[in-house]
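Notes follow the structure.
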Amino acid sequence: MADASIAHPDSVFRGRFDGKRVVVTGASMGIGEATALRFVREGAKVAMISRTRSKLEAVAARAERPENALALPADCADEASISAAIDQAAQAFGGLDIIVSNAAIELLSEERRVDQADLGVWRKIIENNLDGQFLTCKHGLRHLLAAGGGSVVCLGSNVGYLGMAHGEPAYSASKGGIFAMMRLMASEYIREGIRVNMVVPGLIDTPMNAPLQDDPEEMAYWTSMLPLPRAGTAEECAAAILWLASDEASYCVGTALVVDGGQSAI
20 MADASIAHPD SVFRGRFDGK RVVVTGASMG IGEATALRFV REGAKVAMIS RTRSKLEAVA
80 ARAERPENAL ALPADCADEA SISAAIDQAA QAFGGLDIIV SNAAIELLSE ERRVDQADLG
140 VWRKIIENNL DGQFLTCKHG LRHLLAAGGG SVVCLGSNVG YLGMAHGEPA YSASKGGIFA
200 MMRLMASEYI REGIRVNMVV PGLIDTPMNA PLQDDPEEMA YWTSMLPLPR AGTAEECAAA
260 ILWLASDEAS YCVGTALVVD GGQSAI
């Protein structure tokens, strides 16, 4: 089957985010990395947040305009850490316009179905995924309110409402919680000029899914069930994130934009 992905010439989007000040969490790899690099390429100043300084600095060095990429190591699940990083980004850029709350973990080898689940594993996943997005939004929104408006894009997963991640109750619950939180924030902040939306990835070719990708038979099984039978790319998710963050999506409020090759359509 032909590759159905669409590549747009860079010239279409050059300057789309000129003057915009952006925070992207989970920016050291995968969807976060692709998103941060594309924001820089399209003119934004970007604070790249993740736990590991060396990985962040490597990503920032690859940016088309490295001077517009700020590496800020922080733990999104630690309020003091993420608050300080977001404040530092706002100080460096003179404010913030866009928050992309993306950081997450998946502990596939440690999760079990509910009757066998370990409470410590449950809490670790909820803390990183749901608490982390809550704290990122909490402290990001403070700066968007001060700026008089802006855009928040949360990252979820179709496992949050499809019930198909067997044996992963914590990961599924964390992503379902993000969906509910996003909808509430969307209705609460739009009158203050802040649009809140969500991108919902399906099976994406990222380091988080490496265990699956390393098993050709398992990968073939999952992709065979997709209407578009291949994994998506981090760049395809980044394109959706940037569109929702842009003025082109000015009438999108509380939207969950699904990027899953048709998985949730069947």
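Take 20 as the starting number for the sequence shown in my numbering and just add one per residue.
From the three backbone atoms N, C-alpha and C, an ideal C-beta is built for every residue, glycine too.
In this text, all values refer to a predicted model and were calculated from it rather than measured experimentally.
request  = Report buried or exposed for ARG60, applying the criterion of at least 16 other Cβ atoms within 10 angstroms of its Cβ.
outcome  = Buried.
message = Whether or not the segment 212-222 and the segment 82-93 are in contact is what I'm after, with contact meaning three or more pairs of Cβ atoms, one per stretch, closer than 8 Å; do they touch?
response = No: fewer than three Cβ pairs fall under 8 Å.
Option nearest ILE118 by Cα separation, candidates SER128, ILE101, LEU127, ILE124 = The residue with the shortest Cα to Cα distance from ILE118 is ILE101.
request  = Can you give me the Cβ contacts of VAL278 inside the same chain, cut-off strictly under 8 Å, excluding the 5 residues immediately before and after it?
outcome  = Only VAL218, VAL219, PRO220, GLY221, ILE223, GLY251, GLU255, CYS256, ALA259 meet the Cβ criterion.
task = Name, in chain order, the residues that DSSP records as bridge partners for ASN216.
result = According to DSSP, ASN216 bridges with VAL172.
query = So LYS39 is in the beta strand (DSSP E); what residue range does that whole segment cover?
reply = Taken as a continuous stretch (DSSP letters only), LYS39 belongs to no beta strand (DSSP E), as it is neither H nor E.
request  = Return the chain-ordered list of same chain residues with a C-beta closer than 6 Å to the C-beta of ALA205, the five sequence neighbours on each side being excluded.
outcome  = Excluding positions up to five away in sequence, the list reads VAL215, VAL272, GLY273.
key: Touching by the beta-carbon criterion (3+ pairs, under 8 Å), the segment 165-181 and the segment 233-248   = Touching, no, given that fewer than three Cβ pairs across the two stretches are closer than 8 Å.
ask   = Leaving out five residues before and five after ALA136 in sequence, what residues of the same chain have Cβ atoms less than 8 Å from its Cβ?
value = Its chain contains GLU130, PRO188, ALA189 as the residues whose beta carbon lies nearer than 8 Å to that of ALA136, once the 5 sequence neighbours on both sides are disregarded; these appear in chain order.
request  = Can you grab the Cα-Cα spacing for the pair LYS74 / MET67, in whole Å?
outcome  = A direct Cα-to-Cα measurement between LYS74 and MET67 gives close to 10 Å.
key: Reference ILE105; option with closest CA among LEU174, LEU261, LEU154   = Comparing Cα positions, the closest option is LEU154.
ask   = Roughly how many angstroms separate the alpha carbons of ALA23 and LEU247, rounded to a whole number?
value = Because the pLDDT at ALA23 is just 48, under 50, the model does not fix this residue reliably, and the value given afterwards should be weighed accordingly. Cα to Cα, ALA23 sits roughly 8 Å from LEU247.
task = Return the chain-ordered ranges of every beta strand (DSSP E) run that is complete within the segment 181-227 and spans a minimum of 3 residues.
result = The segment 181-227 contains these whole beta strand (DSSP E) runs: 213-220.
message = In the DSSP assignment, the alpha helix (DSSP H) including PRO235 goes from what residue to what residue?
response = PRO235 -> alpha helix (DSSP H) spans 235-243.
ask   = If we count the other Cβ atoms within 10 Å of its Cβ and call it buried at 16 or more, is TYR270 buried or exposed?
value = By the 10 Å Cβ count, TYR270 comes out exposed.
key: C-alpha distance - ASN18 paired with LYS64, whole-angstrom precision   = Outside the shown range of the chain (20 to 285) lies residue 18, about which nothing can therefore be said.
request  = Starting from VAL65, trace the beta strand (DSSP E) both ways and give me its first and last residue.
outcome  = For VAL65, the enclosing beta strand (DSSP E) covers residues 64-69.
Counted within 10 angstroms of its Cβ, other Cβ atoms place GLN152 as buried (16 or more) or exposed = Buried.
ask   = Leaving out five residues before and five after GLY34 in sequence, what residues of the same chain have Cβ atoms less than 8 Å from its Cβ?
value = The answer, listed in chain order, is GLU61, GLY62.
request  = Within 10 angstroms of the Cβ of THR225, are there 16 or more other Cβ atoms? Answer buried if so, exposed if not.
outcome  = Of the other Cβ atoms in all chains shown, 16 or more fall within 10 Å of the Cβ of THR225; this residue is therefore buried.
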